[in-house]
Structures are given as structure tokens and as C-alpha cells.
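Protein chains in written order, with the numbering used here: chain A, 8 to 306; chain B, 9 to 528.
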């Protein structure tokens with residue numbers, strides 16, 4: 008072995024030593040529990056059976072036949088689709104507005120970020136009061152506008168409950184999208200836009216053919232992060248409706264919580280969440296491929 | 009392209025890792041140190057009227073009756089002076105009893121320290137089970153709802169208490185328990201808990217509204233009978249709608265019952281059985297979707313029309329606020345509201361969140377329409393099978409539930425423990441706490457005697473939650489029959505999962521033990 012080789016090995020050894028703690032931590036907090044969850048999902052552990060017996064794929068078959076699980080999955084998908092889209096659009100509009108030198112920008116930007124730093128559970132309980140039928144400010148404001156008492160039961164009506172959830176969720180998480188997109192837009196060299204404008208491009212054309220392609224890599228990551236986060240939505244729905252009325256707004260996380268930590272069907276919960284991981288992984292793969300393909304086409 | 013593949017692979021691995029960490033792994037129950045634990049505050053911190061009551065309780069606690077359960081528990085616990093017992097208790101107001109009175113007093117008498125672990129109500133069950141399944145020992149004394157007893161006993165979470173009772177309790181104290189509550193303490197022939205809270209629904213009504221001459225005349229003209237506290241659910245609806253029509257313009261309503269998800273099944277349990285309903289048929293198939301069940305739920309949905317707008321989201325606090333404000337004619341709820349209605353203890357710091365009463369001296373009490381009140385929830389105390397200090401833990405719960413100490417605790421305004429011993433119902437001191445306190449005690453005792461026990465078989469929580477979801481769905485417009493059919497399906501699935509034969513036996517045992525308190 009040459010001296011060069013030894014020096015390289017030494018350098019590599021140093022690299023491994025540096026990443027070892029992080030790798031070990033990831034293995035401990037993610038991989039081991041994941042493997043353990045897989046083992047548990049093939050057993051029948053519940054409140055009455057602390058030491059579970061092997062039951063094969065029973066929990067998986069039960070989960071696939073569980074109408075409540077599919078209902079929760081549908082509700083979750085609806086929240087992801089509506090809220091992430093709304094947050095993206097609103098966040099982009101805000102970012103686009105504030106990326107230029109707007110008067111009061113230094114004051115407005117921190118204000119816009121405030122919702123994202125509040126704990127989602129607090130946001131949920133606060134908005135629950137806002138949506139209250141009798142004493143909630145939202146009905147009061149609607150009453151002032153319409154000129155007659157408004158007694159909309161927002162959180163116990165199967166139709167009206169959805170706008171309440173969407174608005175609350177969008178209110179909290181639009182600032183995240185705004186912040187990421189603001190950074191993306193600020194990083195675009197203004198000369199690109201100026202060149203397009205000199206060539207006679209309209210504002211729409213600049214946006215469509217210059218700004219969006221350039222900000223897309225950042226936007227794609229923001230969408231991915233928010234979609235993953237929205238898929239786990241728990242706190243806000245828990246505080247607003249607790250999945251009700253009935254199971255009309257129950258999300259997958261709420262259902263898993265109910266199965267696992269209220270009814271203590273640990274093995275069944277493990278099976279549910281592993282199915283969920285499989286579904287999310289497929290969805291993310293497809294999403295990422297499409298986004299990557301778009302980026303390559305644009306490049 | 010390779011770089012793209014690499015990025016893609018990293019992204020997928022990252023996504024799986026994030027989701028796995030977030031979703032797949034049941035997070036371990038936090039250790040007790042991470043809970044909202046607080047050291048026991050000295051009794052001296054109690055302020056106002058509560059201070060006087062608690063101080064009086066401490067004074068009269070000494071000396072306990074020689075040879076009585078309290079005295080024997082103190083002697084037993086002295087052997088463990090210096091030991092700390094971890095005790096779960098419902099977070100918030102409920103915990104003020106052990107924090108401000110019971111724990112400091114027990115420590116003073118025995119040298120045993122009590123670490124009160126405040127826990128949200130629904131987690132009292134899950135944390136106890138999680139601790140046991142993890143090999144535990146985090147808790148010594150467990151606070152739990154009586155309907156969980158079967159699951160906790162079958163799961164091995166609770167320690168049987170018969171040997172301790174035999175050795176250390178004054179047996180006369182068992183006969184001092186109200187006969188209804190005494191029925192609950194056993195499961196499969198063994199005692200797993202000591203009763204600690206006589207929860208029962210009470211119908212509170214505005215006597216002044218019922219005695220108002222104009223109201224009486226108008227009601228008689230409309231319904232051709234006297235205006236009186238309702239004895240049937242139909243009468244309840246009529247009286248409620250009468251008062252609502254009369255007062256709605258002033259934001260006054262005839263009645264309100266909390267309808268938000270979580271506890272609304274309790275009012276169904278009550279009304280359903282008063283109407284003659286049964287939970288299961290002879291084959292252990294759910295019968296909640298019977299004609300009686302559908303009628304009950306339909307009536308409940310219709311009754312909402314006479315209650316305040318948005319009642320579907322009203323919980324305990326919303327009902328309390330409107331009632332204390334004087335805006336409601338009738339409510340059906342737990343006993344503390346009766347005491348607070350008269351202003352008892354509202355001067356204390358612990359109850360400063362309770363709205364000021366506008367109804368003191370105007371409230372009457374009755375058992376629920378149908379003649380049977382739900383013995384809704386309640387509390388028992390047990391010893392964790394994983395405790396390292398079982399005898400000391402038992403000594404603590406025997407002392408807490410002894411006639412002398414429990415008699416003091418049910419009079420502490422913020423303790424939220426309601427009378428459950430004959431000595432509580434017949435306590436002359438209690439009867440003097442406000443002008444019609446004796447009437448209140450009489451109704452609580454009648455409620456206990458004729459009350460209906462919550463369904464207490466394995467899987468009770470799951471049955472309750474399935475029914476609760478069906479009821480809230482019906483409030484939101486789902487056809488009551490369809491909602492109950494779905495709940496019945498879920499009930500049957502729960503029964504099959506736990507075991508039809510074992511559930512049949514448990515249900516038979518529950519009916520036999522509770523007798524007329526299971527079905528009237």
C-alpha cells in the first residue's frame with residue numbers, strides 16, 4: 008500500500024467517524040423502531056394481550072378491509088390536495104409581492120411568519136373558538152355583513168366543517184410556503200427578468216417562462232415537505248373536530264392514534280401505519296419522478 | 009442522469025425515514041418525570057372558602073377512629089415512611105384534592121410521600137396499560153373509570169386487593185358503601201379497586217321558572233297538564249320547547265345537554281335503557297340499533313332543535329357557562345354543578361374559573377326523566393401490579409376511601425369527588441353546606457339507588473367510542489338508523505375480536521352483578 012493510499016484511507020476513516028454518530032442515531036430512532044413495528048404488526052398485542060402471538064398477515068388483511076381506514080385515508084388525501092395547493096398559490100402570491108422592495112416589507116414579513124411558529128394544537132383550539140356557533144367572531148362578522156344573526160354550526164356539519172379545517176390549516180402553513188418561495192425568488196438573478204422584459208415579454212410571460220422555471224426546484228421541495236407534513240395532519244383536526252362528526256373528518260393519524268393509544272390495539276396500529284408508509288412512499292416516488300421530469304424538460 | 013437517480017434515491021430514503029419516524033413507531037410513554045408532576049402544595053395555599061373547608065377537614069381528620077380503616081391504613085403506611093408513591097390522577101381541577109389536601113395530609117401522618125402524576129382523563133387508561141406492557145413500575149396507585157376495570161384486570165395491570173382488604177380494612181366500611189357502588193369493585197370474583205367517586209347524572213331545573221304563575225298557566229293551556237319537572241323524555245321535550253319558545257328572543261333556552269363528541273354516548277345509555285333498550289341480544293349481537301335504539305337517537309336529534317344553537321359542539325363548560333348565567337331551564341349533568349350553582353366554594357382560588365352563579369337559591373334537583381339517572385363514569389382507585397410498594401399503595405387508597413377521609417374529601421369544593429357512602433349521604437354537616445343541600449343529597453342517593461351503570465365489560469371504551477361516533481354523525485344529519493347500524497356492526501366486530509363466548513360470559517356477569525342498575 009502506497010503512502011498515498013494510506014493517507015486516503017486515513018481521510019476516509021475520519022469521514023466515517025464523523026458521520027457515524029448521525030448514522031447511529033438515525034438507525035436507533037428510525038430504523039430499529041421501523042423493524043420492530045414490522046415485527047409487532049405480525050402479532051396480536053393489545054391491552055389484554057401484552058405478549059402477542061404470531062398471527063401472520065391478519066392485521067394487514069383486516070386493515071385493507073377496514074372501511075374506517077379508507078375513509079380516513081380519503082379525508083387525509085383531501086386535506087393534502089386542497090391545503091397544499093392553496094398554500095402554494097397563496098404563498099407564491101405573497102412571496103412574489105414581497106420579493107420586490109415593498110414599503111414596510113421588514114415589518115410585514117415577520118408578521119406573516121407568526122402563524123407557523125405557533126403550536127398547531129394551540130392554533131386548532133384558537134380557531135375552534137373562532138368557529139363557535141354562538142360566540143365565535145366568524146359568525147358575528149358574517150352577521151354584520153348579512154345584517155341578520157348567523158348561526159352556522161361550522162364544526163358539526165358534514166359540509167361546512169371542511170372549509171373550517173381548510174382555512175385553519177392554510178392559515179397556519181401558508182407562511183411556510185411563503186418563506187421558502189421568498190428565498191427561492193430572491194435567489195433569482197434579476198437580470199433574467201430584465202432581459203425578458205427588454206425582449207418585450209409581458210408580465211405573465213416573464214412569470215410563466217422565466218420566474219416559475221427558475222423557482223421550480225425550490226418550489227418542488229416546498230411542495231414535497233408540505234405534502235408529507237400535511238399527510239400526518241393530527242393536531243388541528245384533533246382540536247377542531249376530533250375527527251367528527253362521526254368519522255367524517257377523521258385523518259389517518261387520528262385513526263392510528265385512536266386505535267393505538269385509546270383502544271391499545273398496538274399490532275393493528277403497526278399494520279395500519281406500515282400500509283400508510285407503503286402508500287406514502289409510492290405517492291412520493293411518483294410525485295418526485297414527475298417533478299424531476301418537469302425539471303429536466305425545462306433544463 | 010446518475011446524479012438525478014442519486015437525488016431521487018436520497019429523497020425516497022429521506023421520505024421513508026421521516027414518515028417512519030413520524031408514523032410507524034408508537035412513541036414510548038414518557039417517563040413520569042416528563043409528566044406534569046408537581047410537588048404537593050401545602051394546605052396553607054388554599055384560599056377563601058375552600059381554605060376553611062380544607063382546613064376544617066384537616067382538623068377533624070385527627071384523630072381517626074381507633075381500629076377504623078383510616079387509622080389502620082396510617083399504621084400500615086408508617087412502615088414505609090420515606091417511600092414515594094407515584095399516583096395517577098386526572099389533570100386539572102380533579103388533581104387539586106391530592107395536591108392540596110390528601111397528599112400533604114397523608115405525608116404528614118405517615119411520612120409516605122405522594123407524587124401526583126396529572127394525566128388527561130383518556131390517558132389514565134392508556135398510560136397505565138403502556139407502563140404495564142413496558143414492564144413498568146412507573147405508577148403505584150392508579151385512578152381509573154369503573155368501566156375500564158375489566159380490561160385493566162384482564163390485562164394484569166391491576167393488583168387484586170382481597171388479601172389486603174381482609175388483613176387491613178374495617179369490614180364495616182364495606183357495608184357503608186352505597187349498595188350500588190359496592191357492586192362495582194369486583195371482576196371475576198376478585199376485588200381490583202376501591203370506589204372513590206359517586207358520579208351520577210342529576211337533572212337540575214330552574215324552580216323559579218317552574219313556579220312562575222304565568223308559565224304555569226300558559227303551559228297548562230298548551231299541554232293540558234301542570235308544569236312540573238319532567239318525569240318522561242316526552243315531558244322533557246315538551247317543557248324544553250315551551251321554555252325555549254318563551255325565552256329564545258332573550259337568549260334563554262328550555263334545556264341543554266352536552267352533545268359534543270366524547271361523552272354524548274352517556275345520555276344515550278341513559279335514555280335508551282329508560283326506554284327499555286338492551287345493549288346485546290341473547291347471542292351477544294349488538295341491539296343498540298333496535299327500534300328502541302333508533303327511537304332514542306331520533307328523539308335525541310330532535311331534542312337538539314330546542315337547545316341553544318351549536319349545541320352539537322357544547323361540552324361540560326359550555327353547559328356550565330349558560331346554566332350559571334341563568335340562560336337555561338333544565339340541564340342533566342354531573343353533581344358538582346349542583347354545588348357550584350349555589351356558589352359553594354366559588355370563592356376559592358381553584359374554582360375562580362367557574363362562572364359566577366346567577367341561579368343560587370333558584371335550583372331544584374331530580375333524577376333524570378325516565379326515573380333512572382346514568383351512573384356516568386365515576387372513579388375507582390387501584391394498585392398497579394408493577395408497583396414496588398404495593399402495600400404502601402394499598403394503605404394510601406384505603407386511607408383515601410375510608411369513611412372519615414372520603415367524608416371530608418366529598419365536602420372539599422374543588423375535589424370533584426361526589427358522595428358514595430351512606431355516611432356521606434347522611435352527613436349532617438354536608439346537609440348544612442347550603443340551604444337545600446339535604447335535598448341535593450337525597451336526589452344523589454336516589455340517583456345512585458335507581459341509577460344505570462355504564463356498560464362495564466372488556467372493550468368498554470371501544471364500544472363507547474363506536475356509539476359516540478354514531479351519535480355525533482346522527483347529530484350532523486346521518487339517518488339515526490344508518491348511524492346505529494354502523495355502530496352495531498362495529499360493536500359486533502369488537503365482540504368477535506375479543507371473543508364472543510368470553511364477552512357473553514362477561515356481559516352475563518355484569519348484568520348479574522349490577523342487577524337493576526344494569527337494566528331497570
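Just so you know, even glycine gets a beta-carbon here, dropped at the ideal spot from N, CA and C.
Note that this is a predicted model, so its numbers are computed, not measured.
| Query | Result |
| --- | --- |
| Interfacial residues, the stretch 123-156 of chain B to chain A, with Cβ spacing under 7 Å | 130, 134, 137, 140, 141 |
| Stretch-stretch touch, CB-based, cutoff 8 Å, three pairs: the stretch 301-308 of chain B with the stretch 486-495 of chain B | yes |
| Span separating the alpha-carbon of residue 220 (chain A) from that of residue 234 (chain A) | 20 Å |
| As assigned by DSSP and simplified to three states, the class of residue 15 (chain A) | helix |
| Same chain only: Cβ atoms within 7 Å of residue 457 (chain B), ignoring 5 sequence neighbours per side | 188 |
| Chain B contact residues for residue 307 (chain A), given Cβ-Cβ distances below 7 Å | Chain A is shown from 8 up to 306; residue 307 (chain A) falls before or after that span and cannot be answered. |
| Contact set between residue 255 (chain A) and chain B, taken where Cβ atoms lie within less than 8 Å | 481, 484 |
| Per-residue burial, residue 107 (chain A) [other beta carbons within 10 Å of its own, 16 or more giving buried] | exposed |
| Residues of the stretch 51-70 of chain A whose Cβ lies closer than 7 Å to any Cβ of chain B, in chain order | 54, 55, 57 |
| Cut-off 6 Å between Cβ atoms - residues of its own chain near residue 29 (chain A), not counting five sequence neighbours on either side | none |
| Against chain A: residues of the stretch 314-329 of chain B by CB proximity under 8 Å | 316, 317, 318, 320, 321 |
| Spatial distance of residue 295 (chain A) from residue 295 (chain B) (CA atoms) | 50 Å |
| Cβ separation of residue 75 (chain B) and residue 452 (chain B), assumed to be a contact under 8 Å, to the nearest whole Å | Contact flag wrong, Cβ pair sits at about 29 Å. |
| Delimiting residues of the alpha helix (DSSP H) encompassing residue 223 (chain A) | 219-238 |
| Nearest-angstrom Cα separation, counted from residue 72 (chain A) out to residue 57 (chain B) | Interpretation of residue 57 (chain B) is limited by its pLDDT of 46, a score under 50 that renders its predicted location unreliable; no figure is taken from the coordinates. |
| For residue 121 (chain B), the first and last residue of its enclosing beta strand (DSSP E) | 121-127 |
| Residues in the stretch 241-273 of chain B having any Cβ partner in chain A nearer than 9 Å | 259, 267, 268, 269, 270 |
| Distance CB(residue 148 (chain B))-CB(residue 84 (chain B)) smaller than 9 Å | no |
| Collapsed DSSP secondary structure at residue 27 (chain A) in the structure displayed | helix |
| For residue 184 (chain B), the nearest candidate out of B:439, B:432, B:459, B:440 (CA to CA) | B:432 |
| Under 9 Å between C-beta atoms of residue 245 (chain A) and residue 137 (chain A) | no |
| Cβ-based contacts, 7 Å cut-off: residues of the stretch 130-153 of chain A near chain B | 139, 140, 141 |
| Contacting residues, own chain, Cβ-Cβ under 6 Å from residue 144 (chain B) (five flanking each side not counted) | 394 |
| Cross-strand partners of residue 198 (chain B) (DSSP beta bridge) | B:195 |
| Identity of the residues DSSP links to residue 372 (chain B) by a beta bridge | B:213 |
| Contact set between residue 245 (chain A) and chain B, taken where Cβ atoms lie within less than 8 Å | Correct list: empty, because the minimum Cβ distance to chain B is about 11 Å. |
| Near the ligand HEM: residue 143 (chain B) beta-carbon under 8 Å from a heavy atom | No copy of the ligand HEM occurs in the structure displayed, which carries no ligand at all. |
| Test: residue 518 (chain B) CB closer than 9 Å to a CB of chain A | no |
| 9 Å Cβ cutoff, residue 170 (chain A) in contact with chain B | no |
| Residue 155 (chain A) at chain B interface by Cβ criterion, 9 Å | no |
| Chain B contact for residue 250 (chain A) (CB, 9 Å cutoff) | yes |
| Cβ pair residue 390 (chain B), residue 283 (chain B) closer than 9 Å | no |
| Integer Cβ distance of residue 188 (chain A) from residue 99 (chain A), believed to fall under 8 Å | 5 Å |
| Alpha helix (DSSP H) segment containing residue 348 (chain A), residue limits | In the structure as shown, chain A starts at 8 and stops at 306, and residue 348 (chain A) therefore has no counterpart that could be examined. |
| Chain A residues whose Cβ lies nearer than 8 Å to that of residue 466 (chain B) | 55 |
| Sequence-distant residues of its chain with Cβ nearer than 7 Å to residue 119 (chain B) (five each side left out) | 86, 89, 90 |
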